[in-house]
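Per mature numbering (1 follows the signal peptide of the UniProt record, and there is no 0), the sequence shown runs over residues -22 to -1, 1 to 160. Every residue gets a Cβ at the ideal spot worked out from N, C-alpha and C, and that includes glycine.
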Amino acid sequence: MKNILLASLAATACAFSFSAQAATFTYIDYGFGTIDPDNSTSSDDFSFLSGAFELSNGAFIAAESTEYGNLDVTAIGAGVYTPVGRASSLFGTLQFVQADWGNNNDETGYRFTAGLRSSLADRLEIEGKVKYDDVYTETDSSFAVALRYYVTKNFSIGANYDIAEFNGNDQNAMFASLRLAL
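Next up, the structure:
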């Protein structure tokens, strides 16, 4: 069913004009879905709330709160972006991160994210990013990809996949997201 939905969105997007422009970096994003941790036989809930506020000259402030089952991760920091062509933006962020396992075993560190957002059509955007976390006893990394369909100029529905590694445990998340671009 998910493949049919994604194929339908892709086919619909092809009908739109290809005069897309890179999207804003001022937004509020909410996502919800499931996570399949490698260290457990059962799936768990996944949710996040993130936002960014674009300043001047390509700089922005970014914050994020993510729940991977019983792990809560909060990140806040700043980033920069630069347009690549007329429909894409290359971006990077540096954030302070706090991870809360719920058992008084909190850890803090930093995260570096590098990514690319590109408008495929007037209403279709794809984003890919790589995250590097130095929070735990081991350094961790993740990869995320998102496909967003803009119902209106400022509101999108997205399908997302996130592969993350936390302290040696893989966390694979599939989720839907809603984004309000301001």
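Alpha carbon of residue i to alpha carbon of residue j, nearest angstrom
{"i": "L98", "j": "I104", "result": "7 Å"}
{"i": "F144", "j": "D100", "result": "36 Å"}
{"i": "I141", "j": "S34", "result": "32 Å"}
{"i": "K131", "j": "R157", "result": "11 Å"}
{"i": "S20", "j": "R64", "result": "44 Å"}
{"i": "F121", "j": "T44", "result": "15 Å"}
{"i": "D84", "j": "Q76", "result": "7 Å"}
{"i": "I13", "j": "G80", "result": "18 Å"}
{"i": "S18", "j": "I135", "result": "30 Å"}
Beta-carbon gap between residue i and residue j smaller than 8 Å
{"i": "F24", "j": "A53", "result": "no"}
{"i": "F10", "j": "A30", "result": "no"}
{"i": "A37", "j": "V62", "result": "no"}
{"i": "G93", "j": "V113", "result": "no"}
{"i": "A1", "j": "A159", "result": "yes"}
{"i": "L68", "j": "T60", "result": "yes"}
{"i": "Q149", "j": "Y5", "result": "no"}
{"i": "Y127", "j": "L102", "result": "yes"}
Residue i versus the options, residue with shortest Cα-Cα distance
{"i": "K109", "options": "G80, G70, D22, L125", "result": "G70"}
{"i": "M152", "options": "S43, A124, D111, D50", "result": "A124"}
{"i": "G106", "options": "S18, E32, E116, T91", "result": "T91"}
{"i": "S155", "options": "A122, A137, I39, D78", "result": "A137"}
{"i": "Y8", "options": "N81, V51, L27", "result": "L27"}
{"i": "R89", "options": "D111, T44, N83, Q76", "result": "D111"}
{"i": "D78", "options": "G55, A56, L49", "result": "L49"}
{"i": "E116", "options": "F133, G80, N147", "result": "N147"}
{"i": "E32", "options": "S18, A56, I13", "result": "A56"}
Rounded Cβ spacing between residue i and residue j (contact assumed at less than 8 Å)
{"i": "R95", "j": "S66", "result": "7 Å"}
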